[in-house]
Structure formats: C-alpha cells, structure tokens
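S.K.: Structure incoming, see below.
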Amino acid sequence: GGKATVLHEYIGPSFRLVIFGAGHVAGGLFITLRDAPFAVTVVDDRPEWNSEERFPHASRISDWQSGIKYAVSEPELTFACVMTYSHKLDYEVCRGLMENPPSYVGLMGSAGKKKLLFGKLREDGISEDRIAAIHCPIGIGDLGKTPSLVAVSVAAQLLQEAAGRES
Numbered sequence: 002g003g004k005a006t007v008l009h010e011y012i013g014p015s016f017r018l019v020i021f022g023a024g025h026v027a028g029g030l031f032i033t034l035r036d037a038p039f040a041v042t043v044v045d046d047r048p049e050w051n052s053e054e055r056f057p058h059a060s061r062i063s064d065w066q067s068g069i070k071y072a073v074s075e076p077e078l079t080f081a082c083v084m085t086y087s088h089k090l091d092y093e094v095c096r097g098l099m100e101n102p103p104s105y106v107g108l109m110g111s112a113g114k115k116k117l118l119f120g121k122l123r124e125d126g127i128s129e130d131r132i133a134a135i136h137c138p139i140g141i142g143d144l145g146k147t148p149s150l151v152a153v154s155v156a157a158q159l160l161q162e163a164a165g166r167e168s
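My numbering numbers the first residue of the sequence shown as 2 and each following residue consecutively.
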C-alpha cells in the first residue's frame, strides 16, 4: 500500500545529423553514433548504398538538392557531414549548404581538395567567415586511414561539437 511517483521523460535526439554520401566512412559513422543524440539522415543517389540494410532506422534521401534543403531548413539543430563519392558533388553540396549553413559543416578531404573547393566557394562570393566554419579535414585528427578509424575521428568531433552546444 504505498504511493509512488513515476516520471516519464522522453529523451530523444537533440540534433539532426545529415550525412551526404553513403560510402564506407558514412557506414562506420552511422554505426559509431547509433546511441548518440542525433537523428540521422543519409543523402545519396545510389540505392544500393543508401539502403535500410546499411542504415537501419535512419531517414534516407536520394536526391542531393532535397538533402541540402532539408539540412538548411533548421540550421541551428543540424550537423552536416559531406563525404560524397565525387569532388564535384562535394562542392555542390558545400555550396548549397553555405546559403544557410548548418551549425556544423564537416568536409572529408585532403589539403589539396580543401584548397580547390574553398577557392571555388570564394569565387562564388561565399564569405570568408562561412568558408572558415567548414571543418576540413573532418574529424579530431589522424587516428588512421581505414573507414572505421576515420569514422571514429569524425564521431568524436561531432560529439565534442554537440556537447558544446548543449551546455
């Protein structure tokens, strides 16, 4: 015969993570962050890569422009990781994101790719502040070259950024 008070509190994702590209690093990132505070959306036009089997319970978008529109629709809640299968697509996605940048934009790539892509963004009139906010190379440092180790590095950076925004 006693009384009990029960608190029901829903603790769901705090942020949206939009991963542009469904390759090996994206797959590793998805697995690494499965219990993190992110609602994940994967954007890729290759159905064999962007599948329920590879990304269970993630939202999936198969059109790049629709993915960009989704990412910039709530920029303060959105983290975007750009890791597509081509430099041209990486540029197009980054260019689209710069219209209303998400709170975090990370680009997977080398110093050469960064120089080329950032140069094109400057030619397009994108401000230095917006370009400088793109994390490239993405991740906390060189933990290794395998997709799973790159994914861990990226996940660590995303979690650091998320923790800084929640406090």
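Note that beta-carbon positions come from the ideal geometry of N, C-alpha and C, so glycine has one too.
Looking at the secondary structure, which residues open and close the beta strand (DSSP E) in which residue 21 lies?
M.R.: 16–21
S.K.: Who does residue 61 pair with in a DSSP beta bridge?
M.R.: 43
S.K.: Taking all protein chains shown into account, decide if residue 17 is buried (16 or more other Cβ within 10 angstroms of its Cβ) or exposed.
M.R.: buried
S.K.: Across the segment 73–87 and the segment 21–28, are there enough close Cβ pairs to call them in contact, namely three or more that are closer than 8 angstroms?
M.R.: yes
S.K.: Using 8 angstroms as the Cβ pair cut-off and three pairs as the minimum, do the segment 101–114 and the segment 75–84 touch?
M.R.: yes
S.K.: Looking at the secondary structure, which residues open and close the beta strand (DSSP E) in which residue 82 lies?
M.R.: 79–83
S.K.: When the Cα atoms are used, what is the spatial distance from residue 134 to residue 153?
M.R.: 21 angstroms
S.K.: Which residue from 15, 91 and 74 puts its Cα closest to that of residue 117?
M.R.: When only C-alpha atoms are compared, the closest one is 91.
S.K.: Does residue 104 come within less than 8 angstroms of chain B when only Cβ atoms are used?
M.R.: Of the protein chains in this structure there is only one, and it is not chain B.
S.K.: I need the boundaries of the beta strand (DSSP E) containing residue 107, first residue and last residue.
M.R.: Element bounds for residue 107: 105–108.
S.K.: If distances are taken between C-alpha atoms only, which option among 149, 164 and 100 comes closest to residue 125?
M.R.: The alpha carbon of residue 125 has as its nearest neighbour, out of 149, 164 and 100, the alpha carbon of 100.
S.K.: Residue 11 by DSSP, collapsed to three states: which one?
M.R.: Because the pLDDT of residue 11 is 49, which lies under 50, any placement of that residue in the model is unreliable, and the number read from its coordinates should be weighed accordingly. Annotated three-state conformation of residue 11 is coil, per DSSP.
S.K.: Relative to the C-alpha of residue 69, which residue among 43, 49, 58 and 59 is closest?
M.R.: The option with the nearest alpha carbon to residue 69 is 43.
S.K.: If you draw a straight line from the alpha carbon of residue 98 to that of residue 3, how long is it in whole angstroms?
M.R.: 56 angstroms
S.K.: Which whole-angstrom value is the C-beta distance of residue 141 and residue 157, which I expect to be below 8 angstroms?
M.R.: 5 angstroms
S.K.: Could you tell me the alpha carbon to alpha carbon distance between residue 160 and residue 39, rounded to whole angstroms?
M.R.: 10 angstroms
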